[in-house]
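S.K.: Reminder that position 44 of the sequence shown reads as 48 in our numbering, one-by-one numbering, no gaps. From the three backbone atoms N, C-alpha and C, an ideal C-beta is built for every residue, glycine too. Because the structure is a prediction, the values reported are computed rather than measured. My questions all concern the structure below.
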Amino acid sequence: MTINLKLTPHLEERIKYLLSKHEDAEYFFRDFISYKISELEKAIFKIEKEIREFEKKYQMSSKAFYKKFEDG
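The following block contains the structure:
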(Lines of atoms letter the chains of each structure in order from A and count residues from 1; the text may use other names and numbers.)
(Lines give C-alpha, C1' and ligand atoms only; values in the text may rest on other atoms or scores of the structure.)
Protein backbone atom coordinates (compact mmCIF):
# COMPACT_ATOMS: atom_id res chain seq x y z
CA MET A 1 0.00 0.00 0.00
CA THR A 2 1.20 3.49 -0.79
CA ILE A 3 0.26 6.49 1.32
CA ASN A 4 0.77 10.02 0.10
CA LEU A 5 1.21 12.73 2.69
CA LYS A 6 1.65 16.46 2.29
CA LEU A 7 4.60 17.33 4.53
CA THR A 8 6.78 20.34 4.91
CA PRO A 9 10.20 19.80 3.33
CA HIS A 10 11.82 19.92 6.77
CA LEU A 11 9.55 17.21 8.20
CA GLU A 12 9.98 15.09 5.09
CA GLU A 13 13.76 15.21 5.51
CA ARG A 14 13.50 14.30 9.19
CA ILE A 15 11.31 11.29 8.41
CA LYS A 16 13.63 10.17 5.61
CA TYR A 17 16.56 10.42 7.99
CA LEU A 18 14.80 8.38 10.68
CA LEU A 19 13.76 5.73 8.19
CA SER A 20 17.30 5.50 6.84
CA LYS A 21 18.39 4.44 10.33
CA HIS A 22 15.81 1.62 10.52
CA GLU A 23 15.82 -1.40 8.24
CA ASP A 24 12.12 -2.13 8.69
CA ALA A 25 9.87 0.89 8.13
CA GLU A 26 6.76 -1.02 9.19
CA TYR A 27 8.36 -1.96 12.51
CA PHE A 28 9.44 1.66 13.00
CA PHE A 29 5.90 2.96 12.54
CA ARG A 30 4.36 0.21 14.67
CA ASP A 31 6.82 1.02 17.44
CA PHE A 32 6.13 4.74 17.11
CA ILE A 33 2.36 4.21 17.25
CA SER A 34 2.71 1.92 20.28
CA TYR A 35 4.82 4.57 22.01
CA LYS A 36 2.23 7.30 21.32
CA ILE A 37 -0.59 5.06 22.59
CA SER A 38 1.38 4.39 25.76
CA GLU A 39 1.94 8.12 26.30
CA LEU A 40 -1.77 8.83 25.82
CA GLU A 41 -2.70 6.06 28.27
CA LYS A 42 -0.35 7.60 30.86
CA ALA A 43 -1.97 11.01 30.31
CA ILE A 44 -5.46 9.53 30.72
CA PHE A 45 -4.40 7.78 33.93
CA LYS A 46 -3.00 11.07 35.28
CA ILE A 47 -6.19 12.97 34.43
CA GLU A 48 -8.37 10.29 36.02
CA LYS A 49 -6.24 10.48 39.18
CA GLU A 50 -6.58 14.26 39.28
CA ILE A 51 -10.36 13.97 38.85
CA ARG A 52 -10.58 11.46 41.73
CA GLU A 53 -8.53 13.83 43.94
CA PHE A 54 -10.78 16.76 43.00
CA GLU A 55 -13.93 14.76 43.72
CA LYS A 56 -12.55 13.65 47.09
CA LYS A 57 -11.34 17.14 48.05
CA TYR A 58 -14.63 18.85 47.21
CA GLN A 59 -16.87 15.85 48.00
CA MET A 60 -18.59 16.24 44.66
CA SER A 61 -18.75 14.03 41.60
CA SER A 62 -17.59 15.41 38.29
CA LYS A 63 -21.14 15.03 37.00
CA ALA A 64 -22.51 17.15 39.87
CA PHE A 65 -19.77 19.75 39.37
CA TYR A 66 -20.53 19.99 35.67
CA LYS A 67 -24.25 20.44 36.35
CA LYS A 68 -23.54 23.25 38.84
CA PHE A 69 -21.17 24.83 36.34
CA GLU A 70 -23.71 24.66 33.52
CA ASP A 71 -26.48 26.02 35.76
CA GLY A 72 -24.30 28.99 36.67
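Where residue 55 and residue 75 are concerned, what is the direct C-alpha to C-alpha distance, given to the nearest angstrom?
M.R.: 20 Å
S.K.: How is the alpha helix (DSSP H) around residue 27 delimited, first residue to last?
M.R.: Note, residue 27: premise wrong, no alpha helix (DSSP H); not H, not E.
S.K.: Taking only the alpha-carbon atoms, compute the straight-line gap between residue 37 and residue 64 and give it to the nearest angstrom.
M.R.: 37 Å
S.K.: When the Cα atoms are used, what is the spatial distance from residue 20 to residue 40?
M.R.: 20 Å
S.K.: As a quick exercise: from 35, 13, 25, 30, pick the residue whose alpha carbon is nearest that of residue 5.
M.R.: 30
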